[in-house]
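Colleague:
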Amino acid sequence: MTDITLTNKLLLQFTSLFWKSMDWLYPPRCCNCDRWGFVLCEDCFKLIEPLNRNLCKKCGHPIFGKSSFCEECRLSPPPYTQMRSWTSHIGPTRKAIHALKYKRNLVIGRILAQPLIEMIEKSGWQIDLVVPIPLSKTRMRTRGYNQAALISRYLATSLNIQHSTNCVKRVRDTSTQIDMDVNKRFTNLLDAFYANPATLKKRNILIVDDVITTGATMHNCAKAILNAGAEKIYCLSVARAILRHEKHHQGLASNSALQSL
Numbered sequence: 005m006t007d008i009t010l011t012n013k014l015l016l017q018f019t020s021l022f023w024k025s026m027d028w029l030y031p032p033r034c035c036n037c038d039r040w041g042f043v044l045c046e047d048c049f050k051l052i053e054p055l056n057r058n059l060c061k062k063c064g065h066p067i068f069g070k071s072s073f074c075e076e077c078r079l080s081p082p083p084y085t086q087m088r089s090w091t092s093h094i095g096p097t098r099k100a101i102h103a104l105k106y107k108r109n110l111v112i113g114r115i116l117a118q119p120l121i122e123m124i125e126k127s128g129w130q131i132d133l134v135v136p137i138p139l140s141k142t143r144m145r146t147r148g149y150n151q152a153a154l155i156s157r158y159l160a161t162s163l164n165i166q167h168s169t170n171c172v173k174r175v176r177d178t179s180t181q182i183d184m185d186v187n188k189r190f191t192n193l194l195d196a197f198y199a200n201p202a203t204l205k206k207r208n209i210l211i212v213d214d215v216i217t218t219g220a221t222m223h224n225c226a227k228a229i230l231n232a233g234a235e236k237i238y239c240l241s242v243a244r245a246i247l248r249h250e251k252h253h254q255g256l257a258s259n260s261a262l263q264s265l
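Residue numbering for the sequence shown follows our numbering, beginning at 5 and increasing consecutively.
(1) Can you tell me whether leucine 51 is buried or exposed? The criterion is at least 16 other CB atoms within 10 Å of its CB, across all chains shown.
(2) Look at the alpha carbon of isoleucine 229 and the alpha carbon of proline 83, and state the distance between them as a whole number of angstroms.
(3) May I ask you to report which of helix, strand or coil DSSP gives glutamine 263?
(4) Go through its chain and collect everything with a Cβ distance to histidine 65's Cβ below 6 Å, but skip five positions before and after it.
(5) At what residues does the beta strand (DSSP E) containing cysteine 239 begin and finish?
(6) Confirm, please, whether the CB-CB distance from serine 80 to arginine 244 is below 8 Å.
(7) In whole angstroms, what separates the C-alpha of glycine 69 from that of arginine 78?
(8) Glutamine 118 by DSSP, collapsed to three states: which one?
(9) Alpha carbon to alpha carbon, how far is tryptophan 40 from leucine 210?
(10) For the alpha helix (DSSP H) containing leucine 79, list its first residue and its last residue.
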């Protein structure tokens, strides 16, 4: 057994024991229905519908018609090899991510990582290194943790893949993007990331985030990693916001409306 395999196995065992102890000391409640004994109960988990039909083969956005690629990816291919999300950012998923990010319900990160692990096992992706979308120093100080890193670390440990939170960094603080349109999001994130070539060159990289909205964050992070010499870049998130009134990709917004699920 290799050192990394043994280390990951021990880490998983310790993590499992730790959270079982916490559940005994402080019984959790479902973040969606408030049922006692679960951070996300089985009934609410079953309400979550995976995004797995009629997706653009490149960016993973839902499309309609016979084409394999959305218009944006045909006109301006993104810097990543492929991007996928487990589900839509609605219902129980939205509440779970909110609890993870803003209520310090950290065990949810482990629960949300599990479907991503299953997706990777079925994807055929050959991954050398897993990296989370980094937070700015300001947000890291305020929140105390990176929710994407909680998910990506458990994913990487379970799959016995190397994980790093140091090779990709935000080199400047960016404004909150909640109220920004698609063009402003892309402009806001230009040159916001630095990727270390010494770690990334000629390697296949998986970028992990909790939510993809317009794709601006993933796009700019993937671009930095590609410029650092990475071979292939895969992007994966727990959830995806299905936009109704924006065409998204590489900042090329238009007035046409996206069809939605």
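Ideal Cβ positions, reconstructed from N, Cα and C, are used throughout, including at glycine.
Model, not experiment: these values are computed from the prediction.
Modeller: Well, looking at it:
(1) Counting other Cβ atoms within 10 Å of its Cβ, leucine 51 stays below 16 and is therefore classed as exposed.
(2) Distance between the alpha carbons of isoleucine 229 and proline 83 is about 9 Å.
(3) Bear in mind that a pLDDT of 32 at glutamine 263, under 50, signals an unreliable position, so the number given afterwards is only what the model happens to contain. Looking at glutamine 263 - three-state DSSP - the assignment turns out to be coil, as it is neither helix nor strand.
(4) Cys74.
(5) That run of the beta strand (DSSP E) goes 236 to 244.
(6) Here arginine 244 is not near serine 80, since their CB atoms are 8 Å or more apart.
(7) The straight-line gap from Cα to Cα measures roughly 14 Å.
(8) In the structure shown, glutamine 118 sits in a helix (DSSP, three-state: H, G or I).
(9) The straight-line gap from Cα to Cα measures roughly 35 Å.
(10) Element bounds for leucine 79: 75 to 79.
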